[in-house]
Amino acid sequence: MIYIDPPYNTGHDFVYKDSFQDSIENYRAQARLEKQSAADLRGRHHSNWMSMMYPRLRLARELLTDDGYIAISIDDNEHRNLRIICDEIFGESNFLNDIVWVSNLKGRQIGGYGAAKTTERICLYSKDWEKSSALFANVDRLKEIMPTAYKGFNYEVLADNIGDYVIKNELYNTNSAFNEETRPNLVFNIFWNPNTNDVKTGDLTASAPDGYLTITPHENNNGTHKYHAWRWSKDKIGREFYDLHFTIDPAGQAHVYTKIRDFDKTALKDIFTDISTSRGVKDLETILAGKNYFDFAKPVDIISVLIEACTESNDIVMDFFSGSGTTAEAVFKTILLDNLNRKFIAIQLPEAINSSKQATKDGYKSICQIGEERIRRAGQLIEADIEEQNKQLKLGEEPKTVPDIGFRVLKLDSSNFEKVADGALIDNLIKPGRTHDDIIFEMMLKWGLELSLPMEKTEVVGYPITSIAADELICCMDKGVTIEVLEAIAALEPKRVFFLDSVLTDSIKLNAAQIFKRVSDKLGYEIELRTA
Numbered sequence: 002m003i004y005i006d007p008p009y010n011t012g013h014d015f016v017y018k019d020s021f022q023d024s025i026e027n028y029r030a031q032a033r034l035e036k037q038s039a040a041d042l043r044g045r046h047h048s049n050w051m052s053m054m055y056p057r058l059r060l061a062r063e064l065l066t067d068d069g070y071i072a073i074s075i076d077d078n079e080h081r082n083l084r085i086i087c088d089e090i091f092g093e094s095n096f097l098n099d100i101v102w103v104s105n106l107k108g109r110q111i112g113g114y115g116a117a118k119t120t121e122r123i124c125l126y127s128k129d130w131e132k133s134s135a136l137f138a139n140v141d142r143l144k145e146i147m148p149t150a151y152k153g154f155n156y157e158v159l160a161d162n163i164g165d166y167v168i169k170n171e172l173y174n175t176n177s178a179f180n181e182e183t184r185p186n187l188v189f190n191i192f193w194n195p196n197t198n199d200v201k202t203g204d205l206t207a208s209a210p211d212g213y214l215t216i217t218p219h220e221n222n223n224g225t226h227k228y229h230a231w232r233w234s235k236d237k238i239g240r241e242f243y244d245l246h247f248t249i250d251p252a253g254q255a256h257v258y259t260k261i262r263d264f265d266k267t268a269l270k271d272i273f274t275d276i277s278t279s280r281g282v283k284d285l286e287t288i289l290a291g292k293n294y295f296d297f298a299k300p301v302d303i304i305s306v307l308i309e310a311c312t313e314s315n316d317i318v319m320d321f322f323s324g325s326g327t328t329a330e331a332v333f334k335t336i337l338l339d340n341l342n343r344k345f346i347a348i349q350l351p352e353a354i355n356s357s358k359q360a361t362k363d364g365y366k367s368i369c370q371i372g373e374e375r376i377r378r379a380g381q382l383i384e385a386d387i388e389e390q391n392k393q394l395k396l397g398e399e400p401k402t403v404p405d406i407g408f409r410v411l412k413l414d415s416s417n418f419e420k421v422a423d424g425a426l427i428d429n430l431i432k433p434g435r436t437h438d439d440i441i442f443e444m445m446l447k448w449g450l451e452l453s454l455p456m457e458k459t460e461v462v463g464y465p466i467t468s469i470a471a472d473e474l475i476c477c478m479d480k481g482v483t484i485e486v487l488e489a490i491a492a493l494e495p496k497r498v499f500f501l502d503s504v505l506t507d508s509i510k511l512n513a514a515q516i517f518k519r520v521s522d523k524l525g526y527e528i529e530l531r532t533a
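Numbered by the working numbering, the letters in the sequence shown go through residues 2 to 533 in order.
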């Protein structure tokens, strides 16, 4: 899943300095504009925003799995243009919802004209609608955070030999358009034996067997047809009769309902209520010990609900306008609520903070640093909360485990190596200020290894090594490599081994090739060696 909260292009929040070829002079000429009024140049104003968004959304689509979703927060400034872009990139058929978020019920008058604004939008698209499904979230949680939109659900919980269930609707289709004319195969009698709970079906003219009660289709109220059709076919009733619940009313008439076993979930609605914009600011203040650095941070609950509905265990959630890190915190919160592990990728330009801002006075130089601190503190709060819960366990209750709250911070940069004339990389031309870890991450990228893989600093026979993913890759970055060290590394049976070229002598290189070839022959696969 991808969630993004891009700049709304309100005139003061556009910081993306992508290079667009069309000059203002050429734009005026093409548009036949004689003056540079703000109204005349509005087309260019939108064009810059769309030119910034288009390539990012094209790439976003390629990063999604076939059953993936992208949710984009937006307001009226660019909503129409966003829909145009997304319809082209994702396809109109993959548009799922314009979720209306009532972000400020008091309303705010921004432009000085028209009605006061109370809502924003969340545009939801799928990668492939045929592989997507209806979206559900936890009933109790939705009732708690959005009580205006989610009411009721106070059903009596029943049980059978399969498990708990509730009953909501009778088996008949409430739409009068489904009747004996349009669905003749779904209009029939159901026979139920209240003593044995056995179920049979038969034509409308058939009589009930001895000991069975007859349940006829529900009377149609459209004035033309006689019956409503059933929602289940005869075959389905025969196969899944155990998911039917029968009752007898005071008049002795039997009724049939479907058992709902996944009753803790309900369909997500295309309106979000009772969560104001100010909630997002308070969420951030809670994490940062009362400090307020953002005026319009998104509420954690908004994103968390979307994550719960759109993802499953071990899915990845990406946000490439991550700002203060709300999405990362929302991933943590969702894991805590449903115990399904997820990973996140949060991306943000290192946008500098105005020196007059409180964040600068508190030691933050960029938005990225605030996001990093927020993610760290969000993990610490989860850990503390679980520890407190484990102190109050009931008899026989298993203690909760802390989910994976670790994260790794990486900065996009050029190669660590200076290139020589033939394009080769030489380690004695490593750029100033680059660390061994910088080089290791670059080699992981070159090998196609995920940058989230665990990294462990350890030793073999006194020589320091870095092991990636339990010896999937072993990196040797220090001088002092001996034959004994090579033998010890080979004994770990790694898939790949990387050496800085400067730490190897010519004789050690020859021995390394022989030692690892011998072990490769024994393992049945070649241990890949690389130096730089």
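Backbone N, C-alpha and C fix where the C-beta goes; we use that ideal spot for every residue, glycine too.
Open item on the list: Measuring only the C-alpha atoms, how far is Gly281 from Glu89?
Closed with: Counting from one through the sequence shown, the residue named residue 281 turns up at place 280. Counting from one through the sequence shown, the residue named residue 89 turns up at place 88. Each residue's Cα considered, the two are about 32 Å apart.
Open item on the list: Here's a check: name, in chain order, each residue in its chain whose Cβ is nearer than 8 Å to the Cβ of Asn78, leaving out the five neighbours to either side.
Closed with: Counting from 1 along the sequence shown, the entry for residue 78 is found at position 77. Answer for Asn78: Tyr9, Asn10 and Thr11, listed in chain order.
Task: Bounding residues of the beta strand (DSSP E) (the contiguous stretch that carries Leu454) - done: As a working mapping, residue 454 is identified with position 453 in the sequence shown. That residue, Leu454, is in no beta strand (DSSP E); it is neither H nor E in DSSP.
Open item on the list: Can you tell me which residues form a DSSP beta bridge with Arg592?
Closed with: The structure shown does not extend to residue 592, since the chain is modelled only from 2 to 533, so the question has no answer here.
- [ ] Kindly indicate which residue of Ser416, Ala230, Lys169 and Gly253 has the alpha-carbon position closest to the one of Asp439.
- [x] For this step, residue 439 is matched to residue 438 along the sequence shown. The shortest Cα separation from Asp439 among Ser416, Ala230, Lys169 and Gly253 belongs to Ser416.
Task: Cβ neighbour criterion (16 or more within 10 Å) applied to Ala32 - done: Start at 1 with the first residue of the sequence shown, and residue 32 comes out as number 31. Bear in mind that the predicted position of Ala32 carries a pLDDT of just 49, short of 50, making it too unreliable to give a figure here.
TODO: Indicate whether Ser104 and Thr278 have their beta-carbon atoms separated by less than 7 Å.
DONE: In the sequence shown, the residue the question calls residue 104 occupies position 103. In the sequence shown, the residue the question calls residue 278 occupies position 277. Their beta carbons are under 7 Å apart, which means Ser104 touches Thr278 by this criterion.
Task: Val403 - DSSP class collapsed to helix/strand/coil - done: Looking up residue 403 in the sequence shown gives position 402. Coil.
TODO: Quickly, what does DSSP pair Ser468 with across the bridge? List them, please.
DONE: If you number the sequence shown from 1, residue 468 lands on position 467. Answer is Glu457 and Ile475.
TODO: Verify whether the separation of the beta carbon atoms of Val101 and Ile272 is less than 7 Å.
DONE: The count along the sequence shown starts at 1 and reaches residue 101 at position 100. The count along the sequence shown starts at 1 and reaches residue 272 at position 271. For the pair Val101 and Ile272, the CB atoms are nearer than the 7 Å cut-off.
Open item on the list: Can you list, in chain order, the residues of its chain with a C-beta nearer than 7 Å to that of Lys235? Leave out the 5 residues immediately preceding and following it.
Closed with: As a position in the sequence shown, residue 235 is number 234, starting the count at 1. In the same chain as Lys235, and ignoring 5 residues on each side of it, the C-beta atoms closer than 7 Å to its own belong to Phe189 and Thr202, in chain order.
- [ ] Please look up how many angstroms separate the CB atoms of Tyr173 and His219, rounded, as I've assumed it's under 8 Å.
- [x] Taking the first residue of the sequence shown as 1, we reach residue 173 at position 172. Taking the first residue of the sequence shown as 1, we reach residue 219 at position 218. His219 and Tyr173 do touch by the CB rule: their CB atoms are close to 4 Å apart, below 8 Å.
- [ ] Please state whether DSSP places His47 in a helix, a strand or coil.
- [x] Counting from 1 along the sequence shown, the entry for residue 47 is found at position 46. Annotated three-state conformation of His47 is helix, per DSSP.
- [ ] Determine the DSSP secondary structure at Asn190, reduced to helix, strand or coil.
- [x] Here the question's residue 190 lines up with position 189 in the sequence shown. Assigned with DSSP and collapsed to three states, Asn190 falls in strand.
Open item on the list: Rounded to the nearest angstrom, what separates Glu171 and His229 at their Cα positions?
Closed with: Your numbering for residue 171 matches position 170 in the sequence shown. Your numbering for residue 229 matches position 228 in the sequence shown. Their backbone Cα atoms lie some 12 Å apart in a straight line.
Task: Spatial neighbours of Phe548 in its chain, beta-carbon cut-off 6 Å, leaving aside the 5 residues before and after - done: One cannot answer for residue 548 here, as it falls past the ends of the chain, which runs 2 to 533.
TODO: Tell whether a beta-carbon distance below 7 Å holds between Thr328 and Ser305.
DONE: Counting from 1 along the sequence shown, the entry for residue 328 is found at position 327. Counting from 1 along the sequence shown, the entry for residue 305 is found at position 304. Contact flag unset, no.
Task: Whole-Å CB distance - Gln349 paired with Ile376, under 8 Å assumed - done: The count along the sequence shown starts at 1 and reaches residue 349 at position 348. The count along the sequence shown starts at 1 and reaches residue 376 at position 375. Rounded to whole angstroms, the Cβ separation of Gln349 and Ile376 is 11 Å, and the two are not in contact under 8 Å.
Task: Spatial distance of Thr459 from Met51 (CA atoms) - done: For the purposes of this step, residue 459 is taken as the residue at position 458 of the sequence shown. For the purposes of this step, residue 51 is taken as the residue at position 50 of the sequence shown. Going from the Cα of Thr459 to the Cα of Met51 covers about 49 Å.
TODO: For the beta strand (DSSP E) holding Glu374, just list the boundary residues, first then last.
DONE: Here residue 374 refers to the residue found at position 373 when the sequence shown is read from its first residue. Looking at the DSSP string, Glu374 is not in any beta strand (DSSP E); the run it does join, the alpha helix (DSSP H), is Ile368 to Asn391.
TODO: Drop a sphere of 10 angstroms on the beta-carbon of Leu413, count the other beta-carbons inside from all chains shown, and report buried for 16 or more, exposed for fewer.
DONE: Translated into the one-based positions of the sequence shown, residue 413 becomes position 412. Flag for Leu413 reads exposed.
TODO: Note the first and the last residue of the continuous beta strand (DSSP E) segment covering Ile168.
DONE: For the purposes of this step, residue 168 is taken as the residue at position 167 of the sequence shown. In the DSSP assignment, Ile168 falls within the beta strand (DSSP E) that extends over Asp165 to Glu171.
- [ ] Determine the direct distance from the alpha carbon of Gly380 to that of Ser325, and round the result to whole angstroms.
- [x] Taking the sequence shown and counting its residues from 1, one reaches residue 325 at position 324. Taking the sequence shown and counting its residues from 1, one reaches residue 380 at position 379. Each residue's CA atom was taken as its position, placing Ser325 and Gly380 some 15 Å apart.
Task: Given Tyr156 as reference, the closest of Thr532, Val301, Phe264 and Thr119 once Cα atoms are compared - done: Start at 1 with the first residue of the sequence shown, and residue 156 comes out as number 155. Looking at the Cα atoms, Phe264 is the closest of the given residues.
Task: Reduced DSSP category for His229 - H, G, I as helix; E, B as strand; rest coil - done: Sequence index remark: in the sequence shown, residue 229 carries index 228 (1-based). Assigned with DSSP and collapsed to three states, His229 falls in strand.
TODO: Go ahead and pull the three-state DSSP assignment for Lys152.
DONE: Against the sequence shown, residue 152 aligns to sequence position 151. Coil at Lys152, not helix or strand.
TODO: Would you mind stating whether Arg109 and His80 have Cβ atoms separated by less than 7 Å?
DONE: Taking the sequence shown and counting its residues from 1, the one referred to as residue 109 is at position 108. Taking the sequence shown and counting its residues from 1, the one referred to as residue 80 is at position 79. Contact: no.
Open item on the list: Please report the distance separating the alpha-carbon of Ile75 from that of Lys152.
Closed with: As a first step, residue 75 is located in the sequence shown; it is residue number 74 there, counting from the start. As a first step, residue 152 is located in the sequence shown; it is residue number 151 there, counting from the start. One Cα belongs to Ile75, the other to Lys152, and the distance between them is close to 27 Å.
Open item on the list: Can you look up Phe408 in the DSSP assignment and give me helix, strand or coil?
Closed with: Indexing the sequence shown from 1 puts residue 408 at position 407. Three-state result, Phe408: coil.
Task: Closest Cα partner of Trp193 within the set Arg184, Ser208, Thr183 and Met478 - done: The residue you call residue 193 lines up with position 192 of the sequence shown. Restricting attention to Arg184, Ser208, Thr183 and Met478, the CA atom closest to the CA of Trp193 is found in Ser208.
TODO: Report the partner residues of Thr335 according to the DSSP bridge assignment.
DONE: Here residue 335 refers to the residue found at position 334 of the sequence shown. The beta-bridge partner set that DSSP reports for Thr335 is empty.
Open item on the list: Please state the DSSP three-state secondary structure of Arg280.
Closed with: One-based indexing of the sequence shown puts residue 280 at position 279. DSSP places Arg280 within a helical segment (H, G or I) once states are collapsed to three.
Open item on the list: Can you give me the C-alpha to C-alpha distance between Thr436 and Gly164, rounded to a whole angstrom?
Closed with: Translated into positions along the sequence shown, residue 436 becomes position 435. Translated into positions along the sequence shown, residue 164 becomes position 163. Distance between the alpha carbons of Thr436 and Gly164: 57 Å.
- [ ] Would you mind reading off the limits of the alpha helix (DSSP H) that contains Thr361?
- [x] Counted from its first residue, the sequence shown places residue 361 at position 360. First-last of the alpha helix (DSSP H) with Thr361: Gln359 to Lys362.
Open item on the list: Rounded to whole angstroms, what is the Cα-Cα separation between Asn180 and Ile216?
Closed with: Taking the first residue of the sequence shown as position 1, residue 180 is located at position 179. Taking the first residue of the sequence shown as position 1, residue 216 is located at position 215. Going from the Cα of Asn180 to the Cα of Ile216 covers about 16 Å.
- [ ] Just tell me which of Thr402, Leu487 and Ile346 has its CA closest to the CA of Ala61.
- [x] Against the sequence shown, residue 61 aligns to sequence position 60. Put simply, of Thr402, Leu487 and Ile346 the residue whose alpha carbon is nearest the alpha carbon of Ala61 is Ile346.
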